[in-house]
Amino acid sequence: MKPIEFYDTRTRRQRRFEPLEPGRVGIYSCGPTVYAEQHIGNLRSRLFSDLLKRFLLSEGFEVTHVINITDVGHLVSDADEGEDKMEAAARRAGRSALEIADHYTRLWREDAAAVNCLPPEHNPRASEHIREQIELAKKLEAKGYLYTIPDGVYFDTSRFPRYAELAGLDLAGQAEGARIGVTEGKRNPSDFAVWKFAEEGVRRLQEWDSPWGRGFPGWHLECSAMSVRYLGERIDIHTGGIDLAPVHHTNEVAQSECAFDVHPWVDFWMHNEFLNMGAEKMSKSTGNVTTLSDLVRRGIDPLAFRYFFLQAHYRQQQVFSEKAIQSAAKGLQRLQKIAAALEEATGEGDEALQAPFRARFRDALADDLNAPRAMAVVWDVARNDTLGEADRRDLLRRFEAVLGLKLGEAVVEDDGDRWETDPGIDGLLAERQAARAAKDWATADRIRDELVAMGIEIVDTPEGARWRRKGAG
RNA sequence: GGCGGCGUAGCCAAGUGGCUAAGGCACGGGCCUGCAAAGCCCUGAUCCCCGGUUCGAGUCCGGGCGCCGCCUCCA
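Structure representation (structure tokens):
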């Protein structure tokens, strides 16, 4: 059996994975900032961490998965300037920050559930861990890493030599071309806020007292503070979108390693690549976003997006398109039908015959979560004519634990609830049925052609003909 | 300007120097049901271009061309 290997962003190579503590794995995943509806690019990150978790569970590990909810302190700019996204969203909607956070957190959880993600063991909110964040900042202050300027309390990155390690940044080279706005008083361009002071005369929706003054925590602080509470001072795996590596994760590392005196704080940094819309990435700022609810509105099964996700490797940019999601929906539907049919199989399988397929599937995932290769094995089993039905059933059940495609569960037979009725059309259909009964195919086909011309699709079943408007589906 | 990545059949995509370059979807054939739908079977690639290394390269090196990302909010 091949060892489990994952690609680690920090060391820039794929290497053997072994948990810090035998048998148990802690995963920390950067979750959503709940000021807007998440799009399917965000969902790719969620699916990625879920695939990771499911695979580790299938390998017999006890997994503790933590996903944070950012509901405070995420500013519009990483230069620690601009508005707080939560505050801005709340103001726009005329609601409280808490209401906004609750609303979008609920949507986010619904999306995750719809694509069959396992719930995380912990799903902490930044605003409910202010004390922990202040404690962490105090630790850093005691060690001399912080300094205070009128704007807030900052982390002096020059005191942390490994600062650029994670993202492989060339700080000197960056400074030249950077368009980062400069906050008055910062000692280094890369210094970041640990605590921001509430502006004079401005009443924020979210602000707290701290040893340094009234204000709110810097965005990066929450991950360091909450991860240590739920996972301890070292983490096996930290996941997130690739965009988070240069700033957010780099700053997390600085805080955590300095506060806890550990290195490496995170054993494996795993970052997923972006989902592209056509040639360009999907991003809120450019507006080319699609949400899961958009897909559902178009009649697409949310699990089709999961299937789509599994068809590409998580470290490759994946191209989303109408064609691609339709193709995934079709593939999923066929796979579900096959699996459901196999559930009818009786008898017991033969472990020895199944073993090679299990090994191929498992080894693909053990190789840095190569889901596309695993999917090829799934299809090999699904359409295999040398294995017995019981073996195919057993294998698909086993794969399902990692895939999460709801294989083998009862499928609603072919859109059963979408068939329509209409007096006029039903009348025509009745005429056609009469013609068919009389074997008058010419008349029967003429009627069907007329209906098809009206954009109506007819499907004959043992229970009679049913119909629906094409594209309504 | 600095850094990183990608270009594989119509589309989404695997591919860890070496038998006939995975898999899914679509297209086109065929089987099967009166027809249609569903299902099943079959079918498709000089791996962006040019050099080089090697017995052998989609895979390594160099040079082009095209595209994407990060250094600005973003998963």
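In my numbering, the protein residues as written are 81 to 553. No residue lacks a Cβ here, since even glycine has one placed at the ideal position from N, Cα and C.
Asked	Found
Can residue 104 and residue 142 be called in contact, C-beta distance under 7 Å?	yes
Rounded to a whole number of angstroms, what is the C-alpha to C-alpha distance between residue 373 and residue 341?	44 Å
Out of curiosity, what's the CA-to-CA distance linking residue 538 and residue 406?	21 Å
Can you check whether the CB of residue 508 is closer than 7 Å to the CB of residue 527?	yes
Output the distance between the C-alpha atoms of residue 35 and residue 513, rounded to the nearest integer angstrom.	The chain is shown from 81 up to 553; residue 35 falls before or after that span and cannot be answered.
So the candidates are 111, 193 and 474; which of them puts its Cα closest to the Cα of residue 433?	474
Closer than 7 Å by C-beta to residue 418: which residues in its own chain qualify, once you throw out the five before and the five after it? Chain order, please.	462
Can you find the residues in the same chain that come closer than 8 Å, C-beta to C-beta, to residue 547, ignoring five residues on each side of it along the sequence?	499, 500, 505, 509, 531, 536, 537, 538 and 539
To which residues does DSSP link residue 350 through a beta bridge?	319
Please state whether DSSP places residue 463 in a helix, a strand or coil.	coil
Name the DSSP bridge partner or partners of residue 109?	147 and 319
Where does residue 84 fall in DSSP's three states?	coil
Under a three-way DSSP split, which group does residue 232 fall into?	strand
Are the segment 231-242 and the segment 200-210 touching by the rule of at least three beta carbon pairs closer than 8 Å?	no
Could you tell me which residues DSSP pairs with residue 273 in its beta bridges?	234
Measuring only the C-alpha atoms, how far is residue 192 from residue 426?	34 Å
Is residue 521 helix, strand or coil when you go by DSSP?	helix
Can you tell me whether residue 410 is buried or exposed? The criterion is at least 16 other CB atoms within 10 Å of its CB, across all chains shown.	exposed
Given a cut-off of 7 Å on the beta-carbon distance, is the pair residue 84 and residue 109 in contact?	no
Report back the beta-carbon spacing between residue 227 and residue 330 to the nearest angstrom; my notes put them in contact at under 8 Å.	Actually they do not touch by this definition, with Cβ atoms about 19 Å apart.
Pick out whichever of 451, 402, 201 and 437 has its Cα sitting closest to the Cα of residue 460.	437
Within 8 Å, do at least three Cβ pairs link the segment 210-218 to the segment 290-307?	yes
Exposed or buried, residue 334, counting other C-beta atoms within 10 Å across all chains shown (16 or more means buried)?	buried
Roughly how many angstroms separate the alpha carbons of residue 315 and residue 273, rounded to a whole number?	23 Å
What did DSSP end up calling residue 494 once you bin it into helix, strand or coil?	Model confidence at residue 494 stands at a pLDDT of 49, short of 50, so the residue's coordinates are unreliable and nothing is read from them.
Quick one: is residue 264 buried, meaning 16 or more other Cβ sit within 10 Å of its Cβ, or exposed?	exposed
Would you give the residue range spanned by the beta strand (DSSP E) that residue 541 belongs to?	536-541
Just checking, does the segment 343-351 make contact with the segment 359-370 on the three C-beta pairs under 8 Å criterion?	no
With distances taken between CB atoms, is the gap from residue 430 to residue 82 smaller than 7 Å?	no
Answer with buried or exposed for residue 640, where buried requires no fewer than 16 other C-beta atoms within 10 angstroms of its C-beta.	With the chain covering only 81 through 553, there is no way to say anything about residue 640.
Just list the residues that DSSP pairs residue 297 with in beta bridges.	275
Can you tell which of 92, 97, 129 and 524 has its C-alpha closest to the C-alpha of residue 483?	129
Report back the beta-carbon spacing between residue 277 and residue 298 to the nearest angstrom; my notes put them in contact at under 8 Å.	About 11 Å separates the two Cβ atoms, so there is no contact after all.
Determine the contact status of residue 127 and residue 389, defining contact as a CB-CB distance below 7 Å.	yes
Between the beta-carbon of residue 356 and the beta-carbon of residue 394, is there less than 7 Å?	no
Would you decide whether residue 111 is buried or exposed? Buried here means 16 or more other CB atoms lie within 10 Å of its CB.	buried
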